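A.B. asks: When we follow my numbering, the leftmost residue of the sequence shown carries the number 27, and every step to the right adds one. C-beta atoms are modelled at their ideal positions from N, C-alpha and C, and glycine is treated no differently. No experiment lies behind these values; they were computed from the predicted model shown. Dropping a structure here in structure tokens format, bear with me for questions.
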Amino acid sequence: MGFALAKQFARRGYNLIIADEYDEIHTAAAALTLFGTDVQAEQVSLCCAENAQLLHRRVVSDGRPVTVAALTASVSDAMCLDDSLDGALDLVDSSVRGTMSLARLQAERMATYGRGGVLLTASPDDGGPGLGTAVYSASAAFLRAFGDMLQQDVRDSGVKVITSLPRSGGGSRCNLSAEVARHALAALTSDGRSGFAARATDAVTTLAGRFIADRIKGPVRQIVSPTGEAV
């Protein structure tokens with residue numbers, strides 16, 4: 027999901043700062059530069075609020091306003107669960123805590139400029155039975171409720187908050203991610219405020235404003251971009 031979103035923004039001329047805890051983030055950055063945009067990679071995990079604050083400070087230090095923050099909570103690591111309830115609860119916490127912290131920080135900064143957009147999304151799981159699906163659904167519920175609350179908090183500031191949460195199971199995951207990315211970007215840059223919502227899982231944090239931050243079990247986990255206008 028994160029890389030699909032990154033490509034959508036890169037194709038529209040957004041400069042990006044992408045972030046992920048894995049070395050592959052640098053490979054992803056190189057791939058995204060093929061679209062002719064500037065891409066900076068930050069190797070950092072957003073599984074805790076402290077790292078979200080660190081990434082936020084790095085973006086702010088650039089000095090340019092973030093106009094879009096597309097954030098996907100990470101739930102794909104549910105495949106590594108030890109089948110314990112405590113493990114599932116810990117994964118829900120780590121999946122959404124950093125994402126929600128970064129979303130609030132970015133939304134509050136956008137509000138000072140009187141414009142911007144925050145997208146909360148996630149990559150769908152396979153829909154199979156087990157704690158992985160429970161983690162997926164719980165994380166999606168947190169994101170959806172948090173997105174509604176954040177929109178209310180910034181409703182008079184010119185900042186839009188939407189959630190784009192694909193349903194789990196069925197179809198090609200790659201094709202679904204690309205489709206959701208297109209719908210989410212259209213909702214984020216449209217005049218309407220309702221956005222595109224469903225159920226979600228998997229995680230990434232994407233900031234674009236070019237800022238995208240994303241965290242999935244793939245090349246791109248966090249994507250952030252501090253420059254330019256909205257599409």
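1) Going by the CB atoms, is the gap between Leu97 and Leu58 shorter than 9 Å?
2) Who pairs with Glu68 in a beta bridge, going by DSSP?
3) Ala133 to Gln178, Cα distance in whole Å?
4) Should Ser87 be labelled buried (16 or more other beta-carbon atoms within 10 Å of its own) or exposed?
5) Which first and last residues belong to the alpha helix (DSSP H) in which Ser165 is found?
6) Touching or not, the segment 43 to 56 and the segment 170 to 187, by the rule of three or more beta carbon pairs under 8 Å?
7) Does DSSP put Val92 in a helix, in a strand, or in coil?
8) On the CB-based measure, 16 or more other CB atoms within 10 Å of its CB, does Leu211 come out buried or exposed?
9) Could you give the first and the last residue of the continuous alpha helix (DSSP H) run that contains Ser87?
10) Leaving out five residues on either side along the sequence, give the residues of the same chain with a beta carbon under 8 Å from the beta carbon of Val70.
11) Under 6 Å Cβ to Cβ from Arg135, same chain only, skipping five residues before and after it: list those, please.
12) So, using beta-carbon positions, are Val206 and Ser165 closer together than 9 Å?
13) Since Thr189 is in the alpha helix (DSSP H), which residue starts that stretch and which ends it?
14) Assuming Phe61 and Ala36 are in contact, meaning their beta carbons sit under 8 Å apart, how far apart are those beta carbons, in whole angstroms?
15) Please classify Met175 as buried or exposed, where buried requires at least 16 neighbouring CB atoms within 10 angstroms.
16) With DSSP collapsed to three states, give me the class of Gly113.
17) Out of Tyr139, Val92, Arg181, Asp64, which has the shortest C-alpha to C-alpha gap to Leu128?
18) Along the chain, where does the alpha helix (DSSP H) containing Gly39 start, and where does it finish?
19) Which residue wins for smallest C-alpha separation from Gly140, given the options Gly39, Ala56, Met27, Gly184?
20) Rounded to whole angstroms, what is the Cα-Cα separation between Ala148 and Met126?
21) Can you grab the Cα-Cα spacing for the pair Ala121 / Cys73, in whole Å?
22) Can you give me the Cβ contacts of Gln34 inside the same chain, cut-off strictly under 7 Å, excluding the 5 residues immediately before and after it?
23) Hey, could you find the ends of the alpha helix (DSSP H) Leu58 is sitting in?
24) Quick check on Gly28: does DSSP put it in helix, strand or coil?
C.D. replies: On the basis of the data shown:
1) Along the sequence shown, one-based indexing puts residue 58 at 32. Along the sequence shown, one-based indexing puts residue 97 at 71. No. Outside cutoff.
2) Counted from its first residue, the sequence shown places residue 68 at position 42. Looking at the DSSP assignment, Glu68 forms a beta bridge with Ala45.
3) As a working mapping, residue 133 is identified with position 107 in the sequence shown. As a working mapping, residue 178 is identified with position 152 in the sequence shown. For Ala133 and Gln178, the distance between alpha carbons rounds to 11 Å.
4) As a working note, residue 87 is residue 61 in the sequence shown. Exposed, since its Cβ has fewer than 16 Cβ neighbours within 10 Å.
5) By one-based count along the sequence shown, residue 165 stands at place 139. Element bounds for Ser165: 157 to 179.
6) The answer is no - the segment 170 to 187 does not touch the segment 43 to 56, with fewer than three Cβ pairs under 8 Å.
7) For this step, residue 92 is matched to residue 66 along the sequence shown. The answer is coil: DSSP assigns Val92 none of H, G, I, E or B.
8) Counting from one through the sequence shown, the residue named residue 211 turns up at place 185. With 16 or more Cβ atoms within 10 Å of its Cβ, Leu211 is classed as buried.
9) The residue given as residue 87 occupies position 61 in the sequence shown. Secondary structure note for Ser87: its alpha helix (DSSP H) is the uninterrupted segment 75 to 87.
10) Translated into positions along the sequence shown, residue 70 becomes position 44. Only Ala45, Asp46, Glu47, Asn77, Leu80, Leu81, Gln248 meet the Cβ criterion.
11) Sequence index remark: in the sequence shown, residue 135 carries index 109 (1-based). Only residues of its own chain outside the window of five on either side were considered, and among them none has a CB closer than 6 Å to the CB of Arg135.
12) Locating residue 206 in the sequence shown gives position 180, counting from the first residue. Locating residue 165 in the sequence shown gives position 139, counting from the first residue. Taking 9 Å as the Cβ cut-off, Val206 and Ser165 do not qualify as a contacting pair.
13) The count along the sequence shown starts at 1 and reaches residue 189 at position 163. Taken as a continuous stretch (DSSP letters only), Thr189 belongs to no alpha helix (DSSP H), being part of the beta strand (DSSP E) at 185 to 190.
14) What you label residue 61 is simply residue 35 of the sequence shown in a count that begins at 1. What you label residue 36 is simply residue 10 of the sequence shown in a count that begins at 1. Right, their Cβ atoms sit about 4 Å apart.
15) Numbered from its first residue, the sequence shown carries residue 175 at position 149. Under this definition Met175 is an exposed residue.
16) The residue given as residue 113 occupies position 87 in the sequence shown. Looking at Gly113 - three-state DSSP - the assignment turns out to be helix.
17) As a working note, residue 128 is residue 102 in the sequence shown. Comparing Cα positions, the closest option is Val92.
18) In the sequence shown, counting from the first residue as 1, residue 39 sits at position 13. First-last for Gly39: undefined, no H or E at that position.
19) What you label residue 140 is simply residue 114 of the sequence shown in a count that begins at 1. Nearest of Gly39, Ala56, Met27, Gly184 to Gly140, Cα basis: Gly184.
20) Mapped onto the sequence shown, residue 148 falls at position 122. Mapped onto the sequence shown, residue 126 falls at position 100. Rounded to whole angstroms, Ala148 to Met126 spans 13 Å at the Cα level.
21) Taking the sequence shown and counting its residues from 1, one reaches residue 121 at position 95. Taking the sequence shown and counting its residues from 1, one reaches residue 73 at position 47. The amino acid occupying residue 121 in the given sequence is Ser; Ala does not appear at that position. Ser121 and Cys73 have their C-alpha atoms spaced approximately 6 Å apart.
22) The residue you call residue 34 lines up with position 8 of the sequence shown. Excluding sequence neighbours, Gln34 sits near Ala207, Arg208, Leu211.
23) Here residue 58 corresponds to residue number 32 of the sequence shown, with the count starting at 1. Element bounds for Leu58: 50 to 58.
24) As a first step, residue 28 is located in the sequence shown; it is residue number 2 there, counting from the start. Gly28 sits in a helix when the DSSP states are folded into three classes.
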